[in-house]
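Engineer: The numbering used here numbers the first residue of the sequence shown as 123 and each following residue consecutively. C-beta: ideal position from N, C-alpha, C; glycine also.
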Amino acid sequence: MYNIDDFDLKILTLLQANGRLTNQELSDLIGLSASQCSRRRIALEQAQLILGYHARLAPDAAGREMLGLIEVRLLNHTQEYVESFHQMISEVDAILDAWKTTGDADYLLRVAVPDLPGLSHLISHILAQNKGVAHLKTSVVLNRLKENGQLMPDSGLLP
123 MYNIDDFDLK
133 ILTLLQANGR
143 LTNQELSDLI
153 GLSASQCSRR
163 RIALEQAQLI
173 LGYHARLAPD
183 AAGREMLGLI
193 EVRLLNHTQE
203 YVESFHQMIS
213 EVDAILDAWK
223 TTGDADYLLR
233 VAVPDLPGLS
243 HLISHILAQN
253 KGVAHLKTSV
263 VLNRLKENGQ
273 LMPDSGLLP
């Protein structure tokens, strides 16, 4: 188990906001040498506390302007139904995130599709056709206010 200190926490927080920061930039921001920042970053990656570096794309950059949240309830939780559902999740590119949840739904999916017909196709032909799915409840995202801890530029929340 990796013990996180204040410097590690600062590195994680800064990289979460901007994964493109160089070790020198981290050094300037937290007061350690660039080589210490590099060693710490590598250790955080090896401890799997940093899982990757990604570009945050605008939905229209990927041609998927419509975002949706889909609650999924399975018929039952037999190994066959769960494995079938998990396999489907891994194969469908439109499913961006999938979380196993408590409450009324078994899973919550965040999906991105080009348009309403794309969402309809995803729901009718992919999700509903999975033999383990008992119920779906879909919500369309009207406005993105905050994602991954960052306010969205067009949210109206930025000063």
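#1: Does the Cβ-Cβ distance between residue 166 and residue 218 come in under 8 Å?
#2: By DSSP's criteria, residue 195 is part of a beta bridge. Which residues make up the other side?
#3: Specify whether the region 181-199 and the region 230-241 touch according to this definition: at least 3 beta carbon pairs, one from each stretch, less than 8 Å apart.
#4: Does the beta-carbon distance from residue 241 to residue 190 come in below 8 Å?
#5: Within the same chain, show all residues whose beta-carbon is closer than 7 Å to that of residue 137, passing over the 5 residues directly before and after it, in chain order.
#6: With H, G and I counted as helix, E and B as strand and the rest as coil, what does DSSP make of residue 203?
Structural biologist: Answer, in terms of the structure:
#1: On the sequence shown, residue 166 is found 44 positions in, with the first residue counted as 1. On the sequence shown, residue 218 is found 96 positions in, with the first residue counted as 1. The answer is no: Cβ separation not under 8 Å.
#2: In the sequence shown, residue 195 corresponds to position 73, counting from 1. Looking at the DSSP output, residue 195 sits in a beta bridge with 257.
#3: Contact between the region 181-199 and the region 230-241 is present, because at least three Cβ pairs lie under 8 Å.
#4: Stepping through the sequence shown from its first residue, residue 241 is reached at position 119. Stepping through the sequence shown from its first residue, residue 190 is reached at position 68. In this structure, the beta-carbon distance from residue 241 to residue 190 falls below 8 Å.
#5: The sequence position of residue 137 within the sequence shown is 15, counting from 1. Answer for residue 137: 143, 172, listed in chain order.
#6: Taking the sequence shown and counting its residues from 1, the one referred to as residue 203 is at position 81. The answer is helix: DSSP assigns residue 203 an H, G or I state.
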